[in-house]
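So the protein lines, in turn, are chains A and B. So the first sequence is numbered by full-length UniProt numbering: it starts at 1 and just counts up by one. So the second sequence is numbered by full-length UniProt numbering: it starts at 1 and just counts up by one.
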Amino acid sequence: MSDAESATKPFTIKGATGDWEIVVGLEVHAQVTAQAKLFSGASTEFGAEPNAQVSLVDAAMPGMLPVINGECVRQAVRTGLAINAQINKWSRFDRKNYFYPDLPQGYQISQLYHPIVGEGSLEITLDDGTTKTIGIERIHLEQDAGKSVHDLHPSMSYVDLNRSGCALMEIVSRPDIRSPAEAGAYVAALRQLLRYVGSCDGNMDEGSMRADVNVSVRKAGQPFGTRTETKNVNSVRFIMAAVEHEAKRQVDVLESGGSIVQETRLFDPNSGTTRSMRGKEDAHDYRYFPDPDLLPLVFDEAFIDQCRASLPELPAAKRARYQADLGLSPYLAGVLTAEKETADWFETALAATAAKLGKGQAEVSLRVANFVSGDLFGALKRLGKDIGESPVGPDALAELLALGADGTLSGPLMKQVFEAMLETGERAGAIVEQRGLKQVSDTGAIDAAIQTVLDANPDKVAEYRGGKDKLFGFFVGQVMRAMAGKAAPGVVNDRLKALLDG
Amino acid sequence: MSVDSETVRKIARLARIAVTEDEVPGLTEQLNGILGWIEQLGEVDTKGVEPMASVMPGHLRWRADAVTDGGIPDKVLANAPEATSGFFAVPKVIE
């Protein structure tokens with residue numbers, strides 16, 4: 001889409017007073033993939049016993065000083081490069097002051113004034129195939145807070161600091177998003193990109209990625225309205241629901257003569273609604289100031305070059321290459337590049353298939369792509385396995401596809417052998433050998449089978465020869481059955497025609 | 001720039017410092033004294049001078065990404081007024 005095209009039919013909320021446009025900006029918090037925390041040597045692994053992965057730095061004991069984890073810096077820079085952003089070789093940390101039991105320091109170390117990554121952008125693809133570019137204002141590094149558990153005791157909250165001090169990237173979009181679908185597509189594209197880069201595992205269930213959703217509404221052509229911020233929404237579906245609900249709520253308020261208060265709201269996944277966090281009138285008064293414990297964060301161009309060199313081919317480039325060089329449809333290119341692991345697997349299988357057949361990759365790409373996205377994905381779904389756990393490896397699949405391409409196996413036989421491979425873990429060649437599944441294209445054997453079928457059905461032969469052409473399919477079926485499905489279909493067709501007509 | 005008694009009460013609340021009504025006038029006066037002194041710095045011509053990020057020269061040293069700490073829940077919880085099942089236990093903080 002062109003932005004122009006999208007502008008012709010924007011998503012709107014139908015109100016009593018007319019159509020309202022919605023304006024959305026997202027702040028995505030992505031936990032940085034690293035062994036240790038941003039400023040301490042405690043582990044970041046998910047699911048440990050409470051407070052088992054807490055250093056005295058994370059617990060904010062007096063006299064402890066933070067020391068930055070270089071890997072978190074590297075991952076933030078790599079992420080910035082992946083969104084074509086400006087990388088700031090000089091950045092600085094600030095203290096964001098607020099009080100909550102899961103924040104032992106009484107402040108979060110963040111980067112308000114001088115973030116590590118500046119302006120960039122991300123292209124999103126909507127369901128109808130149109131694309132749109134969403135601006136990204138900045139990415140900064142900050143500490144995560146601990147976790148409060150409220151439902152274990154009637155009058156107490158329990159606090160676990162294991163997550164306290166883990167590195168987060170806060171990725172702040174421009175208010176370029178105009179519909180719930182665009183919000184969903186943006187988060188999905190960002191998650192995919194982070195997983196390709198390897199800077200965040202994107203695991204929304206474990207809280208590795210969550211979003212603060214800023215929403216406002218306006219009549220077409222009007223300036224931005226007052227926005228609200230719905231905190232910590234943790235799935236693509238919930239983010240879309242939060243956008244939609246909040247926009248409708250604002251339209252209702254405005255149309256009944258009210259005004260929108262700039263406030264922080266909470267999303268309730270059970271009802272799909274948002275509600276105000278009451279009593280937080282001071283919540284935005286964070287009194288930021290430069291953290292006196294931390295010197296500026298500085299690196300050179302060579303470090304940025306190393307980060308750039310370590311990036312894999314990114315999803316957009318990969319999709320484009322699959323279409324341009326491999327001749328795949330946008331749909332297949334999208335499906336095969338959805339996850340980096342899938343794309344890697346496909347590319348290994350493609351290279352192996354081409355090598356076995358002595359052909360170029362573009363000549364066999366469709367064969368491999370169709371089998372991977374169809375038969376293999378279907379089987380994995382049935383087995384409840386990831387591509388990394390596939391019982392059939394890429395080289396084994398290539399062997400099967402090569403046997404199909406060179407005429408050894410017919411389509412139905414390939415499926416049969418594939419099932420046997422899934423079951424036994426054996427190679428295609430071995431299964432074909434053991435079970436005698438080789439496709440028969442020897443005309444002598446096929447002629448013999450045809451003759452038996454014709455002899456057994458003299459009445460049908462007479463009808464066919466009398467002009468009932470439709471019976472041809474019946475004969476093909478009988479011959480294939482007589483040969484247990486192993487006859488080469490092309491040869492059967494040719495010989496049957498010759499013998500019936502002759 | 002100066003602060004009034006309302007601002008002093010607000011700052012105290014944000015910093016979670018208990019300030020009695022009796023103390024407000026004195027603190028207001030003291031804070032305004034400090035602000036006045038700081039304002040004198042505005043008289044210095046700082047054109048072309050980079051804002052200072054730290055009194056120390058240099059930049060951050062980086063740590064390797066390795067787990068070298070943690071595994072000390074007893075020490076972490078040692079000063080907690082109340083701890084249960086490995087958690088800090090605090091008065092309920094949700095409505």
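No residue lacks a Cβ here, since even glycine has one placed at the ideal position from N, Cα and C.
query                                                                                                                  : result
Where ASP447 (chain A) sits in the DSSP three-state scheme                                                             : helix
Sheet register partners of ARG95 (chain A) (DSSP bridge)                                                               : A:ILE109, A:PHE289
Terminal residues of the alpha helix (DSSP H) in which SER5 (chain B) lies                                             : 5-14
Beta carbon proximity, MET169 (chain A) to chain B, threshold 9 Å                                                      : no
Cβ-based contacts, 8 Å cut-off: residues of the stretch 280-314 of chain A near chain B                                : ASP282, ASP285, ARG287, PRO290, PRO292, LEU294, LEU295, PRO296, LEU297, VAL298
Beta carbon proximity, GLU82 (chain B) to chain A, threshold 9 Å                                                       : yes
CB contact below 9 Å: VAL77 (chain A) versus chain B                                                                   : no
Under 8 Å from the C-beta of ALA66 (chain B): neighbouring residues of chain A                                         : GLN35, ALA36, GLY41
C-alpha distance - residue 99 (chain B) paired with TYR331 (chain A), whole-angstrom precision                         : In this structure chain B extends from 1 to 95, so residue 99 (chain B) is not present and cannot be described.
ARG138 (chain A), buried or exposed, once every other Cβ within 10 Å from all chains shown has been counted against 16 : buried
Residue interval of the alpha helix (DSSP H) (run including ASP252 (chain A))                                          : 236-255
Closest residue to LEU26 (chain A) among A:GLU433, A:LYS385, A:ALA188 (Cα-Cα distance)                                 : A:ALA188
Own chain residues within Cβ distance below 8 Å of THR226 (chain A), not counting five before or after                 : SER216, SER259, ILE260, VAL261, GLN262
Interface flag, SER155 (chain A) vs chain B, CB-CB below 9 Å                                                           : yes
Cα-Cα separation, ALA309 (chain A) to ARG78 (chain A)                                                                  : 9 Å
Alpha-carbon to alpha-carbon, ASN162 (chain A) and THR84 (chain B)                                                     : 15 Å
Beta-carbon separation (whole angstroms), SER179 (chain A) vs ILE22 (chain A), contact threshold 8 Å                   : 7 Å
Proximal chain A residues relative to ARG63 (chain B), where beta-carbon distance stays under 8 Å                      : ALA36, GLY41, VAL67, ILE68, ASN69, GLY70
Ordered list of alpha helix (DSSP H) runs contained in the stretch 366-453 of chain A, each at least 4 residues        : 377-383, 394-405, 411-424, 428-435
Three CB pairs or more closer than 8 Å across the stretch 36-46 of chain A and the stretch 154-168 of chain A          : yes
Contacts that PRO101 (chain A) makes with chain E (C-beta to C-beta distance below 8 Å)                                : Of the protein chains in the structure, A and B, none is chain E.
GLY58 (chain B): contacting residues in chain A (beta-carbon distance under 8 Å)                                       : LEU295
Coil, strand or helix - LYS460 (chain A) by DSSP                                                                       : helix
TRP345 (chain A), buried or exposed, once every other Cβ within 10 Å from all chains shown has been counted against 16 : buried
Any C-beta of chain B under 9 Å from that of VAL364 (chain A)                                                          : no
ASN203 (chain A) in three-state terms, based on DSSP                                                                   : coil
Closer than 9 Å to chain B by CB, ASN51 (chain A)                                                                      : yes
From A:LEU357, A:ASN69, A:ALA352, A:GLY80, residue whose alpha carbon lies closest to that of LEU294 (chain A)         : A:ASN69
Run of the alpha helix (DSSP H) containing ARG321 (chain A), from where it starts to where it stops                    : 315-324
Span separating the alpha-carbon of ALA354 (chain A) from that of ALA430 (chain A)                                     : 20 Å
Euclidean distance between Cα positions of ARG9 (chain B) and GLU170 (chain A)                                         : 32 Å
Closest residue to LEU35 (chain B) among B:VAL3, B:ASP69, B:LEU77, B:PRO81 (Cα-Cα distance)                            : B:VAL3
N- and C-terminal bounds of the beta strand (DSSP E) containing residue 115 (chain B)                                  : Within the shown structure, residues of chain B are numbered from 1 to 95, placing residue 115 (chain B) beyond reach of any answer.
Residues that SER54 (chain B) contacts on chain A, provided the C-beta gap is smaller than 9 Å                         : ARG92, PRO290, PRO292, LEU294, LEU295, PRO296
Close Cβ partners of THR8 (chain A) (< 7 Å) along its chain, the five nearest in sequence each way excluded            : Unreliable placement is indicated for THR8 (chain A), whose pLDDT of 49 sits below 50; no coordinate value is reported for it.
Within chain B, partners of ASP19 (chain A) - CB distance below 9 Å                                                    : What ASP19 (chain A) touches in chain B: nothing, since even the nearest Cβ is about 36 Å away.
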